[in-house]
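Take 0 as the starting number for the sequence shown in numbering that gives the first Met the number 0 and just add one per residue.
Think of the CB as a built atom: it goes at the ideal place given N, C-alpha and C, for glycine as much as any other residue.
Presented below is the structure to which this report refers.
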Amino acid sequence: MATSKSRAPKPRVHVCNERYEVVTVDRLKTHPRNPRRGDVAAIAKSIAKNGFYGAVVAQTSTGFILAGNHRFEAAKREGITDVPVVWVDVDDKTARRILLADNKTNDLAGYDDEALAALLDAARSDDDLVGTGYTEDDLEKLLGKMGDDIIESADPEVGAIRYQLVVDCEGEAQQAELLSRLEGEGLKCKPLLS
């Protein structure tokens, strides 16, 4: 006779008591103890190009923003008067932990360089890095770091696979000669300095 194994109960996940609302910006305050210093200008460029997406997270009792302080500042800079907010009904201790966790867990993240390069390359192909926070130089540095690896694009309109090659030249004259020769063969080339 087979015996059934007893399963331990799954741990209960705590979900904050929250509600979603669109509010005027004067109902929210940046958190006075937020240690994070964001690039509000870069975020404002993204909002100008892409619109304000997502929501800020704020403590119900204080109106302090726990996640999204810099997006809120950038939205105000862009003249936005109403923003979406997720109100969380938590005590001050929990609010402080949320503020810290939102900042630190973002720091702990990393990138798959190949996937990032492919995504940036697709955006560049559309001539549209504006509003991404990335520059052409960022992409070139990433490609240089990766060497001559294959970059696969997730965007089917860009093509399944693009091959790139970084060639070290002895000087500007050699680079210009090689660039001219390759472009003469119909290859798309871009000179880099490192």
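Q) How long is the line joining the alpha carbons of K48 and D81, rounded to whole angstroms? A) As a first step, residue 48 is located in the sequence shown; it is residue number 49 there, counting from the start. As a first step, residue 81 is located in the sequence shown; it is residue number 82 there, counting from the start. Here the alpha carbon of K48 sits roughly 18 Å from the alpha carbon of D81.
Q: Return yes when the Cβ of W86 is within less than 8 Å of the Cβ of A57, no when it is not.
A: Taking the first residue of the sequence shown as position 1, residue 57 is located at position 58. Taking the first residue of the sequence shown as position 1, residue 86 is located at position 87. Yes, the Cβ-Cβ distance between A57 and W86 is below 8 Å.
Q. The alpha helix (DSSP H) with I97 in it runs from where to where?
A. Within the sequence shown, numbered from 1, the residue matching residue 97 stands at position 98. Start and end: D91 to L107.
Q. Would M145 pass as a contact of D112 if the rule is Cβ separation under 8 Å?
A. Walking along the sequence shown from the start, residue 145 turns up at place 146. Walking along the sequence shown from the start, residue 112 turns up at place 113. Their beta carbons are under 8 Å apart, which means M145 touches D112 by this criterion.
Q: Whole angstroms is fine: what's the gap from E184's alpha carbon to Q163's?
A: Residue 184 sits at position 185 when you count from the first residue of the sequence shown. Residue 163 sits at position 164 when you count from the first residue of the sequence shown. Each residue's alpha carbon lies about 15 Å from the other.
(Q) Taking the alpha carbon of D91 as the reference point, which residue from Y110, G62 and R26 has its own alpha carbon closest? (A) For the purposes of this step, residue 91 is taken as the residue at position 92 of the sequence shown. When only C-alpha atoms are compared, the closest one is G62.
Q | With 16 other Cβ atoms within 10 Å as the buried cut-off, status of S45 | A | By one-based count along the sequence shown, residue 45 stands at place 46. Per the 10 Å Cβ criterion, buried.
Q: Could you tell me which residues DSSP puts in a beta bridge with I64?
A: Working through the sequence shown from its first residue, we reach residue 64 at position 65. Answer is A57.
Q) Do G50 and the ligand PLP come close, with the Cβ less than 7 Å from some heavy atom? A) Here there are no bound small molecules, and the ligand PLP is not part of this structure.
(Q) At the level of alpha carbons, what is the spacing between I42 and A74? (A) Looking up residue 42 in the sequence shown gives position 43. Looking up residue 74 in the sequence shown gives position 75. The straight-line gap separating the alpha-carbon atoms of I42 and A74 is approximately 8 Å.
Q.
Quick check on DSSP: helix, strand or coil for E182?
A. The count along the sequence shown starts at 1 and reaches residue 182 at position 183. Residue state for E182 is assigned as helix, using DSSP reduced to three classes.
Q: Buried or exposed for D38, please, with buried defined as at least 16 other CB atoms from any protein chain shown within 10 angstroms of its CB.
A: Here residue 38 corresponds to residue number 39 of the sequence shown, with the count starting at 1. Counting Cβ neighbours within 10 Å, D38 comes out exposed, since fewer than 16 surround it.
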